[in-house]
Structure formats: structure tokens, C-alpha cells
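Undergrad:
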Amino acid sequence: MGKETGSFGSAVAATRYAEAKASFKPNPNWIIPSPIASREFRKRNLGPYRTRGAIGDFDVEPENIIGELLLGVFGSVNTSTPASGVKLHEFVPADTLPSYTTRLGVEQTERVLPGCLIEALTVRFPHDNNVKAQAAVLSGFVETKASLATPTLSELQALVFPSGGGTLTIEAADKKALIYDIEVTVKNNIPFDRGALDGRTFSVKRYGQREVTGKISAYFDDTTEYDRFIAGNEFKIIVQVDGPVISGGYKYYLKFELRKCVYLRDLAPDVTPINEPLVVDAPFKAFYDITGGFNAEVKAWLENTIASY
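In terms of the working numbering, the sequence shown opens at residue 77 and continues consecutively.
1) Cutting at 6 Å between CB atoms, please list the residues of its own chain near Val-88, excluding the five before and the five after it.
2) DSSP three-state label for Pro-99, please.
3) What is the rounded straight-line gap between the Cα of Ile-194 and the Cα of Val-149?
4) With DSSP collapsed to three states, give me the class of Gly-191.
5) Apart from the five residues just before and just after Pro-335, which ones in its own chain have a Cβ nearer than 7 Å to its Cβ?
6) For Gly-271, does the three-state DSSP call read helix, strand or coil?
7) Check Ile-142 in the structure and name its three-state DSSP category.
8) Take Arg-286 and list the residues in its own chain whose beta-carbon comes closer than 8 Å to its own, dropping the five residues that flank it on each side.
9) Does DSSP put Ala-307 in a helix, in a strand, or in coil?
10) Please say whether Glu-333 and Leu-229 have beta carbons closer to each other than 8 Å?
11) List the residues that DSSP assigns as beta-bridge partners of Gln-317.
12) Quick check on this structure: which residue in Arg-120, Thr-157, Thr-226, Ser-99 has the alpha carbon closest to the alpha carbon of Gln-210?
13) Rounded to whole angstroms, what's the CA-CA distance from Glu-284 to Val-213? Just pull it up for me.
14) How would you call His-203, buried or exposed, if buried means at least 16 neighbouring beta carbons within 10 angstroms?
15) Please name the residue in Glu-137, Gly-181, Thr-155, Thr-172 whose C-alpha comes closest to that of Lys-97.
16) Report the partner residues of Glu-166 according to the DSSP bridge assignment.
17) Nearest to Pro-102 by CA position, among Val-321, Pro-345, Arg-276, is which residue?
18) Looking at the structure shown, is Gly-78 part of a helix, part of a strand, or coil, going by DSSP?
19) Roughly how many angstroms lie between the CA atoms of Val-317 and Leu-330, to the nearest whole one?
20) Going by beta carbon distance, what residues of the same chain come within less than 7 Å of Pro-353, once the five residues before and after it are set aside?
21) Reducing DSSP to helix, strand and coil, say where Gly-325 ends up.
22) So which of Leu-173, Ile-292, Leu-232 has the shortest CA-CA distance to Gly-240?
23) So Asp-135 packs on Ala-234, CB below 8 Å; how close in whole Å?
24) Excluding the 5 residues preceding and the 5 following Val-338 in the sequence, name in chain order all residues of the same chain whose CB lies nearer than 8 Å to its CB.
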């Protein structure tokens, strides 16, 4: 992936790479009128060109494409230097989004998709695997091809909760022993099926309503979260996973903070045999919070050695 710094849809070189499964389906949206005078189809015109794609599930490493996807789905980033050689990137929601050129290396050639917008990003923190991410990507520009490039892949290991360490709190209470999976999704609801009379491309960036949702999978060891659900009480989630040391006391890490969440449903456990643990899958939604100048539904932090995004 490479962030487009010129005009929207003008392809750029890749700056960040990842080993990830990806599926991108282009659609020329042929306009084919039904025949009236005969049984044969004889006429057709090209309609709006649209490509929908998905990247993932891929292992989240501190310096692969996760920073690009965070910026792509949030829209804005503030970068600071807490120590020499250490960069802390704070991703905050914005009303405009950057575009990217996505390049897919597929053995014989490289598919080049300019004008990509990040429709949604889901990051999952499982108990039994590396941190995983999946992105929904939209492109309204006709793809081209190029010679297969040689990627520059990070040597860093993926972030992982069990052995890497981190924090997971709900309303400042440590919940790591209670929760075995948590995921966070940011979605932009881009009106991608709409077009204009200026051509076949999605030539002007347009955005829908931002949604921040997630799911907690937890053991039913006590009724704290169930009580919160029944009462409709708000709560704050902070989830952070740490990687190796960069320098001094500074580590690679990825963090999400959601200040004002409510559970939507499914907080009551089912009755199960005694040899099975009681578990719940609790979907939640985050709302905009202005407390302390937070001014967001969610923010994310990524600490690594990348100078900028």
C-alpha cells in the first residue's frame, strides 16, 4: 500500500507491505438492455466501474500495513517522538479520509488499484492467536497491472496478548482474566454505489456516517457486565497489546480507547452442561464523547519506529 499524496486516484508506489490474503473483485457494471424484438442480446454499455476488496485476516505486526489502515479508516494522525528513535502515532476520527494505491502481487503480475478508500477495519485480540486485522477496501478507479515487485517485509513478530502482555480494562477494572476475545470495528459507510455524471469512476470522495462497534467474548464469572447491560450503563474500554522493547522503557504497542460504550444484546448466558464454561458474546457500540477533550468515539495509538504515515 502507498498513500496517495497527489490527486485522488493517481497511482503511487508502495511504501508498506504485508503478508496477507486479499480478494478484490472488479465490476464494470455492464448496462445490458433486455431485447424486445428478438431473443438475442445485442447491445451493451459500460457502467460505473467499482471494485470491492478485503484484506485479511492478517497478523498485526507493529510496522506492516496496520498503520496505513488505521489512518485510512480514522482519517487523521498526530505523531510525536517520546524518545530518540521512537514514534508514537495517535489516530483520531476525521471527516475526510486519505486514499491509497493498493498493489496485489499474484505470482505473474502486480495488480494496481488506485483510489482505494478504507471502508472498515476490524482488529481482533484473541486469547489463542496473534492479534488479527481485516479491512474492507473500496476502489472506484480502473485497475492496471505492473511488473511484480519485491516487497520489503518487516522482521518484527506479530503482536500477541498471551506472551506479549498488555492491558484490558472496562471502567478501569482489569478484565484480562475474564475476557478471552475482544474485537473493535470502525466503519465509514461510504456511499460507494452512488456515482455522478462525470464518468465511470468514483471521482469525488464522499463519506457516510461513522460507526464504531465491537464484541466482547467473556466468561460469566460474575454479573458485573450483565448488570451493566440490564441497567443500560455506559462504560469505557481500553485494550492495549505490547510488543518488544524499542529503546529504554519504550515498547512497540497498539492501543484502542473507547470512552462511551453500551452493550447492545446477548449478555445473558445460556444454560449449558456443568462441564462447559458459561460464556457470553456481548456486542457493543461506542458513542461520541467530549469528556476531557476526547472528542471521538474511539482513538488508537501505535508506537513503533516509522517516522510518519
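Heads up, the beta-carbon is just placed ideally off N, CA and C, and yes, glycines get one too.
TA: Quick look at the numbers:
1) Gly-78, Glu-80, Thr-177
2) According to the sequence displayed, residue 99 carries Ser and not Pro. Here Ser-99 sits in strand by DSSP.
3) So the alpha carbons of these two residues sit roughly 5 Å apart.
4) Of the three classes helix, strand and coil, the one that applies to Gly-191 here is strand, per DSSP.
5) According to the sequence shown, residue 335 is Arg rather than Pro. If we look at Arg-335 and ignore the five residues flanking it on each side, its Cβ neighbours are Lys-312, Asp-365, Thr-367, Phe-370.
6) coil
7) Helix, per DSSP.
8) Pro-169, Val-262, Lys-263, Asn-264, Asn-265, Glu-373
9) helix
10) no
11) Note that residue 317 corresponds to Val in the displayed sequence, not to Gln. Gly-242, Leu-330.
12) Ser-99
13) One detail in the question is off: residue 284 reads as Gly in this sequence, not Glu. Their backbone Cα atoms lie some 15 Å apart in a straight line.
14) exposed
15) Gly-181
16) Asn-154, Trp-377
17) Arg-276
18) Three-state DSSP puts Gly-78 in a strand.
19) 6 Å
20) Tyr-295
21) Gly-325 sits in coil when the DSSP states are folded into three classes, being neither helix nor strand.
22) Leu-232
23) 4 Å
24) Gly-308, Asn-309, Glu-310, Phe-311, Phe-360, Lys-361, Phe-363
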